[in-house]
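Undergrad: Supplied in structure tokens, the structure appears directly below.
2 protein chains.
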Amino acid sequence: MIGKLNHVGVATPSIEESVKLYRDMLGATSIGEKFSMPEQGVWVCFVNLPNAQIELIEPYGEASPIHGFLAKNPKGGQHHVCFEVPDIYAARDEMRAKGATVLGTGEPRMGAHGVPVIFVHPKDMGGVLVELMAEPKAAH
Amino acid sequence: MIGKLNHVGVATPSIEESVKLYRDMLGATSIGEKFSMPEQGVWVCFVNLPNAQIELIEPYGEASPIHGFLAKNPKGGQHHVCFEVPDIYAARDEMRAKGATVLGTGEPRMGAHGVPVIFVHPKDMGGVLVELMAEPKAAH
Chain A
7 MIGKLNHVGV ATPSIEESVK LYRDMLGATS IGEKFSMPEQ GVWVCFVNLP NAQIELIEPY
67 GEASPIHGFL AKNPKGGQHH VCFEVPDIYA ARDEMRAKGA TVLGTGEPRM GAHGVPVIFV
127 HPKDMGGVLV ELMAEPKAAH
Chain B
7 MIGKLNHVGV ATPSIEESVK LYRDMLGATS IGEKFSMPEQ GVWVCFVNLP NAQIELIEPY
67 GEASPIHGFL AKNPKGGQHH VCFEVPDIYA ARDEMRAKGA TVLGTGEPRM GAHGVPVIFV
127 HPKDMGGVLV ELMAEPKAAH
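Chains as they are written, first to last, in my numbering: chain A, 7 to 146; chain B, 7 to 146.
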């Protein structure tokens, strides 16, 4: 089912500081603009590598779902891993049929790449919060 | 400096259980054999995706460096992210010159891909344990 590893989600208290880190310390040369996803409660910024991305996420608003993660990890850290799947609805149904817990209502919602995504609970994924996303039409 | 995202390191109390998860739950179709790296204190198993890998790591021996991580995260979880660099010695020197802490002696040592690697302390990397590895000669 899973295809490419699309991105690693990295939570940060400050996207600006993280951008300095990836740009100036690690020498990444392609970093997008920061943008907000109010419905998801996050600011997002992509660090583009030749084969995948780092998705920097910073809390947006008081109800952001990543406040808890940053309370436990004040400097930030690895938050989720995202894999591409050919059919997000089939993936959702398959995860459920195999006993995994799909977060929220289970209805895929629009992710930062403009394609629908779901999240699977880390308790069923070896402690890893797994995002599944429909394969984007444009190559990244 | 950094090139491809080579792999995400995922610590697990049981590679066998994690292989079931990636194979049977997530449908990964290319998973290598488990092998030991006694000097690094880990068992390793690669889940091969079209563009990158998940590196499953399980403690090997009582002195394994990942016992502490698993004590905090008994189900396992994301342990490190590995980026490829063209020259591991230049990367080591550049990290140090920019004030980052390279773990251990700082001398690159052989990693699971048969090329030298270093690790950079998460306190300097936004809470992410970063592995840098020399670009492997064979495509993965």
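For glycine and all other residues, C-beta sits at the position ideal for the given N, C-alpha and C. All values derive from a computational prediction rather than experimental measurement.
Just checking my contact of residue 121/B with residue 92/B at CB under 8 Å: how many whole Å lie between their CB atoms?
TA: That belief does not hold up - the Cβ atoms of residue 121/B and residue 92/B are roughly 11 Å apart, past 8 Å.
Undergrad: In the DSSP output, what is residue 32/B paired with across the bridge?
TA: None; residue 32/B has no bridge partner.
Undergrad: Quick check: what's the CA-CA separation for residue 26/B versus residue 105/A?
TA: The straight-line gap from Cα to Cα measures roughly 14 Å.
Undergrad: Under 7 Å between C-beta atoms, does residue 8/A make it to chain B?
TA: Yes, because at least one Cβ of chain B sits closer than 7 Å to the Cβ of residue 8/A.
Undergrad: Determine which residues share a DSSP beta bridge with residue 75/A and list them.
TA: Paired residue(s): none; residue 75/A is not in a bridge.
Undergrad: Determine the chain B residues that contact residue 58/A at a beta-carbon separation under 9 Å, and present them in chain order.
TA: Within chain B, the residues near residue 58/A are 10, 11, 57 and 58.
Undergrad: Out of 140/A, 128/A and 119/A, state which residue places its alpha-carbon closest to the alpha-carbon of residue 52/A.
TA: Among 140/A, 128/A and 119/A, the Cα nearest to that of residue 52/A is on 119/A.
Undergrad: Check this for me: beta carbons of residue 71/A and residue 94/A, under 7 Å apart or not?
TA: It is not a contact, given that the beta carbons lie outside the stated cut-off.
Undergrad: Could you say if the segment 46-66 of chain A and the segment 12-24 of chain A meet the contact criterion of at least three C-beta pairs nearer than 8 Å?
TA: Result yes; three or more Cβ-Cβ pairs closer than 8 Å.
Undergrad: Assign residue 89/B to one of two classes, buried (16 or more other C-beta atoms within 10 Å of its C-beta) or exposed (fewer than that).
TA: Buried: at least 16 other Cβ atoms inside 10 Å.
Undergrad: Under 7 Å, CB to CB, which of the residues in the segment 9-34 of chain B have a partner in chain A?
TA: Listed in sequence order: 9, 10, 11, 14, 16, 18, 24, 27, 31, 32, 33 and 34.
Undergrad: Mind listing the chain B neighbours of residue 79/A? Cutoff is C-beta to C-beta under 8 Å, in chain order.
TA: Ordered by position in chain B, the residues that pass the 8 Å Cβ test against residue 79/A are 133.
Undergrad: Thinking C-beta only, is residue 17/A closer than 7 Å to residue 63/A?
TA: Yes, these two residues count as a Cβ contact at 7 Å.
Undergrad: For residue 87/A, decide whether its Cβ has a neighbour in chain B, counting only Cβ atoms nearer than 7 Å.
TA: For residue 87/A, the answer is yes, since a Cβ of chain B falls inside 7 Å of its Cβ.
Undergrad: In terms of residues, what are the limits of the beta strand (DSSP E) holding residue 94/B?
TA: No beta strand (DSSP E) holds residue 94/B; the alpha helix (DSSP H) holding it covers 94-103.
Undergrad: Cβ of residue 83/B less than 7 Å from any chain A Cβ?
TA: Interface residue, yes.
Undergrad: DSSP has residue 24/A in a bridge; who is on the other side?
TA: DSSP lists no partner for residue 24/A.
Undergrad: Using a 10 Å radius around the Cβ and a threshold of 16 neighbouring Cβ atoms, would you call residue 128/A buried or exposed?
TA: It is buried - the Cβ of residue 128/A has at least 16 other Cβ atoms within 10 Å.
Undergrad: Taking 6 Å as the limit between beta carbons, can you name the residues of its chain near residue 132/A, skipping five residues before and five after?
TA: Nothing meets the Cβ criterion.
Undergrad: Residue 104/A touches chain B at which residues, Cβ-Cβ below 8 Å?
TA: By Cβ distance, chain B contributes 30 and 31.
Undergrad: Give me the chain B residues within the contact set of residue 129/A, using Cβ-Cβ distance strictly less than 8 Å, ordered along the chain.
TA: Ordered by position in chain B, the residues that pass the 8 Å Cβ test against residue 129/A are 81.
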